[in-house]
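Residue numbers (the UniProt record's numbering), protein chains in the order written: chain A, 1 to 353; chain B, 1 to 286.
We treat Cβ as the ideally placed atom computed from N, Cα and C, and that holds for glycine.
Small disclaimer: the values here were computed from a predicted structure and weren't measured.
Reviewing the structure listed below.
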Amino acid sequence: MTQSFLSIKDVSKTFGTVQAVDGLSLDIRKNEFFALLGASGSGKTTLLRMLAGFEDLSAGDITLEGTSIAGLAPNQRPLNLMFQSYALFPHMTVAQNIAYGLEMDRLPKAEIAARVNEILEVIQLGHLAKRKPEQLSGGQRQRVALARALVKRPKVLLLDEPLGALDKKLRSEMQLELKRLQHEFGITFIIVTHDQEEALVMADRIAIMKDGKLLQVGTPHDIYEAPQSKFAADFIGVMNFLPVEKKGTNFVGADGSVIRSESVTEIAKNGAAIAAIRPERLHVTGTGENQLSGEIAAVAYHGLDLLLHIKTPLSDTPVISRMTADEADGHAPEVGQSITVQWSAKDTHIFPN
Amino acid sequence: MSTDRRPMILMTPAMLWLFGLMVVPCVLILVLAFFRRGVYGGIEYTVTLENLALVFDPLYFKIFLKSAGIAGLSAAIACVLGYAAAYAIAAMPRRHQSMLLFFAVLPFWSNYLVRTYAWIVLLNREGLIVNLARWLGFEGELPSMLYSEQAVIIGLVYNYLPFVILSCYAPLSRLNPDISEASRDLGASGWTTFRRVTLPMTVPGIATGFVFVFVLSIGNFVTPALLGGGQFQMIGNLVYAQFLTANDWPFGAALSMVLIAVMLGLLMLQAVVAERASGRKGAQNG
């Protein structure tokens with residue numbers, strides 16, 4: 001049996017009357033890129049701070065390779081945290097910032113210098129070694145913060161919203177860069193983010209957190225294609241929701257049509273429910289078990305694709321259907337046109353509402 | 001009225017005030033220092049360097065050094081006490097901080113003389129402190145604490161401590177808590193974090209406080225006069241005596257000039273320290 005690497009067992013954290021983390025258990029594998037995904041207030045940052053040692057556990061335990069680390073001070077844990085604010089030391093140069101953690105380990109001077117230079121090469125900031133953080137751009141600071149944590153070769157690197165302060169273009173570059181570094185260093189990464197796209201692109205596995213609990217843990221594909229709750233379905237990507245009612249064994253939409261699904265989460269008999277379908281699963285051509293008709297209320301051009309907002313009797317909010325550029329070239333949809341879209345039963349998820 | 005002239009007009013009263021009460025007297029002092037004292041007091045308008053030379057005469061220069069020593073020691077003690085207090089206040093929950101600062105600065109709102117006289121009551125031979133020591137079981141003859149160098153230092157530290165608390169509180173309260181956490185995370189103990197991160201980042205506050213206390217102490221003549229007794233002279237008392245007792249204005253002016261020069265030098269030094277610690281000035285050749 002393989003022993004779990006980083007194990008979070010029934011961990012809770014209470015601040016006064018607020019239950020920030022609520023009896024949460026999670027196993028993280030070695031060399032995994034793991035994302036804690038949630039809205040603000042979901043407890044994801046508290047959990048990360050408990051891993052780093054900045055918050056005590058109200059209950060539960062955290063073990064690393066079988067040994068409890070819950071009682072260790074932050075400076076005694078083989079985990080390092082990259083702060084959202086980067087928290088670079090403003091009075092030290094880039095090189096001094098990076099060397100700091102190695103000096104704390106009392107490594108010989110020559111080794112410190114070698115490792116600092118080595119990591120400066122990796123992050124391609126060797127030419128800025130003598131600058132102060134004040135003199136760097138946001139992206140450069142971010143890489144220094146990353147290097148400062150990575151250079152200690154921790155067993156686990158914790159990253160708190162590492163890309164939050166960067167602009168969009170730089171962010172997508174850094175997503176791949178982080179993945180590359182994680183692979184190169186062979187270190188377990190745990191990243192906290194509220195950005196679902198970031199989690200999907202980078203993580204091997206994602207945990208969705210809500211109200212201090214885990215809602216779902218799985219690969220990006222699982223999380224996206226097989227959400228287990230309405231919240232998870234809504235939180236990740238764009239999702240169409242159609243209110244349905246259970247009548248016998250069927251689910252019936254607002255206009256009386258039957259909506260077929262192969263993915264039904266447990267629902268009370270004859271209860272109100274909701275059907276969820278991704279925009280890219282709604283097709284203007286082809287055949288599916290389900291179909292709906294409506295009028296195009298808006299066309300949103302994104303370059304890469306085209307989103308049709310379709311007004312239907314099935315829901316108050318327009319249904320969104322995604323057309324690829326190729327499809328759109330053939331059809332040229334216009335506002336006011338009536339349109340029929342179809343989709344397959346296997347792409348329809350039904351949740352309790 | 002054009003908008004760009006408005007700031008000028010708004011600044012004029014303050015500038016006139018500063019010019020009349022600060023620049024003009026300083027220039028007068030500067031000029032006076034190079035004239036000769038008249039035989040019966042007054043001023044003889046012949047240019048001379050005698051006064052300046054006299055400042056560096058061992059007799060007077062010793063007073064200078066002693067004043068600097070007392071001011072330096074007072075500033076150092078005030079910095080240690082003030083930094084500790086500011087650190088404690090900055091560590092409190094935000095909502096309590098302004099109240100605590102208010103209490104720290106409260107003595108400022110009462111009269112300087114009253115506060116200094118209060119120390120006479122505390123320090124004298126039958127004062128509260130001596131009585132307290134007796135009550136605690138200390139026997140035998142207690143040295144009089146009043147009218148000594150220590151009394152002057154106590155008085156100066158007490159009077160200027162609020163300055164240091166304020167000047168140290170400012171950078172301490174602005175510290176991003178993430179930065180000391182980052183230090184802990186990278187393996188530093190609490191003490192190492194303080195020594196290598198918190199302290200260097202807040203040095204400008206200490207420097208400001210030190211220079212403030214030093215500058216105000218070295219020229220102070222009220223506290224040495226009251227708590228030091230007649231036997232004890234600091235440079236401030238000397239200047240006071242030259243102008244008001246000895247009627248030697250040129251020498252008084254020369255002493256003042258050197259004093260002002262020392263203060264300006266220190267203020268410049270403090271500005272440099274502040275610049276350094278902000279991280280703005282560093283190796284540009286990356």
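Answer yes or no: does any C-beta atom of chain B fall closer than 8 Å to that of residue i?
i                      : result
residue 365 of chain A : This structure gives no information on residue 365 of chain A, because the portion of chain A shown stretches from 1 to 353.
A:Asn75                : yes
A:Asn117               : no
A:Ala20                : no
A:Leu81                : yes
A:Pro227               : no
A:Pro90                : yes
A:Phe54                : yes
A:Ala272               : no
A:Ala70                : no
A:Ser40                : no
Ends of the alpha helix (DSSP H) at residue i?
i        : result
B:Pro200 : Leu199 to Ile218
B:Tyr169 : Glu149 to Arg174
B:Asn131 : Leu128 to Trp135
B:Asp57  : Run containing B:Asp57: none; DSSP gives neither H nor E here.
B:Asp178 : Pro177 to Asp185
B:Thr193 : Gly190 to Thr193
B:Trp109 : Looking at the DSSP string, B:Trp109 is not in any alpha helix (DSSP H), and its letter there is neither H nor E.
A:Lys168 : Lys168 to Phe185
A:Asn97  : Val94 to Met104
B:Pro224 : Val222 to Leu227
A:Tyr301 : Careful: A:Tyr301 lies outside any alpha helix (DSSP H), inside the beta strand (DSSP E) at Asn290 to Tyr301.
A:Leu200 : Gln196 to Met202
As a quick exercise: from the options, pick the residue whose alpha carbon is nearest that of residue i.
i        : options                                   : result
B:Ala207 : B:Ile153, B:Leu132, B:Pro171 and B:Tyr45  : B:Pro171
A:Leu37  : A:Ser338, A:Ala203 and A:Ala325           : A:Ala203
A:Phe34  : A:Leu314, A:Arg260, A:Val201 and A:Gly253 : A:Val201
B:Tyr112 : B:Thr46, B:Pro204, B:Val157 and B:Val55   : B:Val157
B:Glu275 : A:Pro90, A:Val238 and A:Phe5              : A:Pro90
A:Ala273 : A:Leu120, A:Glu197 and A:Pro352           : A:Pro352
A:Ala232 : A:Thr17, A:Ser172, A:Lys213 and A:Asn250  : A:Lys213
A:Val238 : A:Arg260, A:Arg278, A:Gly256 and A:Gly248 : A:Arg278
A:His194 : A:Gly41, A:Ser229, A:Ala110 and A:Tyr100  : A:Gly41
A:Leu150 : A:Tyr100, A:Leu306 and A:Gly294           : A:Tyr100
A:Asn97  : B:Ile260, B:Val197 and B:Val114           : B:Val197
A:Asn240 : A:Lys247, A:Glu280 and A:Ile267           : A:Glu280
A:Ala73  : B:Phe194, B:Trp119, B:Glu149 and B:Ser189 : B:Ser189
Please classify residue i: is it buried, with 16 or more other beta-carbons within 10 angstroms of its beta-carbon, or exposed?
i        : result
B:Cys168 : buried
A:Gln76  : exposed
A:Thr324 : exposed
A:Met1   : Only weak support exists for where A:Met1 lies, its pLDDT of 43 falling under 50; the value from the coordinates is given anyway. Exposed: under 16 other Cβ atoms inside 10 Å.
B:Val130 : buried
A:His183 : exposed
B:Glu181 : buried
A:Gln216 : buried
A:Leu26  : buried
B:Cys79  : buried
B:Val258 : buried
A:Ser315 : buried
Report yes or no: is there a C-beta of chain A within less than 8 Å of the C-beta of residue i?
i        : result
B:Ile179 : yes
B:Asn285 : Unreliable placement is indicated for B:Asn285, whose pLDDT of 35 sits below 50; no coordinate value is reported for it.
B:Asn176 : yes
B:Met92  : no
B:Ala207 : no
B:Met145 : no
B:Met268 : no
B:Ala277 : yes
B:Val253 : Note on residue identity: the sequence assigns Ala, not Val, to residue 253 of chain B. It does not: the Cβ of B:Ala253 has no partner Cβ on chain A nearer than 8 Å.
B:Pro7   : no
B:Gly282 : Because B:Gly282 sits at a pLDDT of 42, beneath the cut-off of 50, its placement in the model cannot be relied upon, and the following sentence gives the value as read from the coordinates. Interface residue, yes.
Starting from residue i, follow the beta strand (DSSP E) in both directions and report where the run begins and ends.
i        : result
B:Tyr240 : Careful: B:Tyr240 lies outside any beta strand (DSSP E), inside the alpha helix (DSSP H) at Ile235 to Leu244.
B:Met15  : B:Met15 -> not in any beta strand (DSSP E); alpha helix (DSSP H) instead, spanning Arg6 to Leu18.
A:Arg205 : Arg205 to Lys210
A:Arg49  : Counting along the chain, A:Arg49 falls outside any beta strand (DSSP E), though it belongs to the alpha helix (DSSP H) covering Lys44 to Ala52.
A:Gly256 : Here A:Gly256 belongs to no beta strand (DSSP E), and DSSP marks it neither H nor E.
A:Glu245 : Asn240 to Lys247
Quick one, which residues of the segment 138-150 of chain A are near chain B if we go by CB-CB under 9 Å, in chain order? The segment 138-150 of chain A vs chain B, Cβ under 9 Å: Ala145, Arg148 and Ala149.
Closer than 8 Å, Cβ to any Cβ of chain A: which residues of the segment 184-197 of chain B, in chain order? Of all residues in the segment 184-197 of chain B, the ones placed with a Cβ closer than 8 Å to any Cβ belonging to chain A are Arg184, Asp185, Leu186, Gly187, Ala188, Ser189, Thr192, Arg196 and Val197, in chain order.
Pull out every residue of the segment 94-120 of chain A whose Cβ sits closer than 7 Å to any Cβ of chain B, in chain order. Interface annotation for the segment 94-120 of chain A against chain B: Tyr100, Gly101, Met104 and Asp105, criterion Cβ-Cβ distance under 7 Å.
Going along the segment 165-199 of chain A in order, which residues come within less than 9 Å of chain B, judged by CB to CB distance? Contact annotation: in the segment 165-199 of chain A, no residue has its CB less than 9 Å from a CB in chain B.
Which residues of the segment 102-128 of chain B have a Cβ closer than 9 Å to any Cβ of chain A? Give them in chain order. Identification of residues in the segment 102-128 of chain B having a C-beta nearer than 9 Å to some C-beta of chain A yields an empty set.
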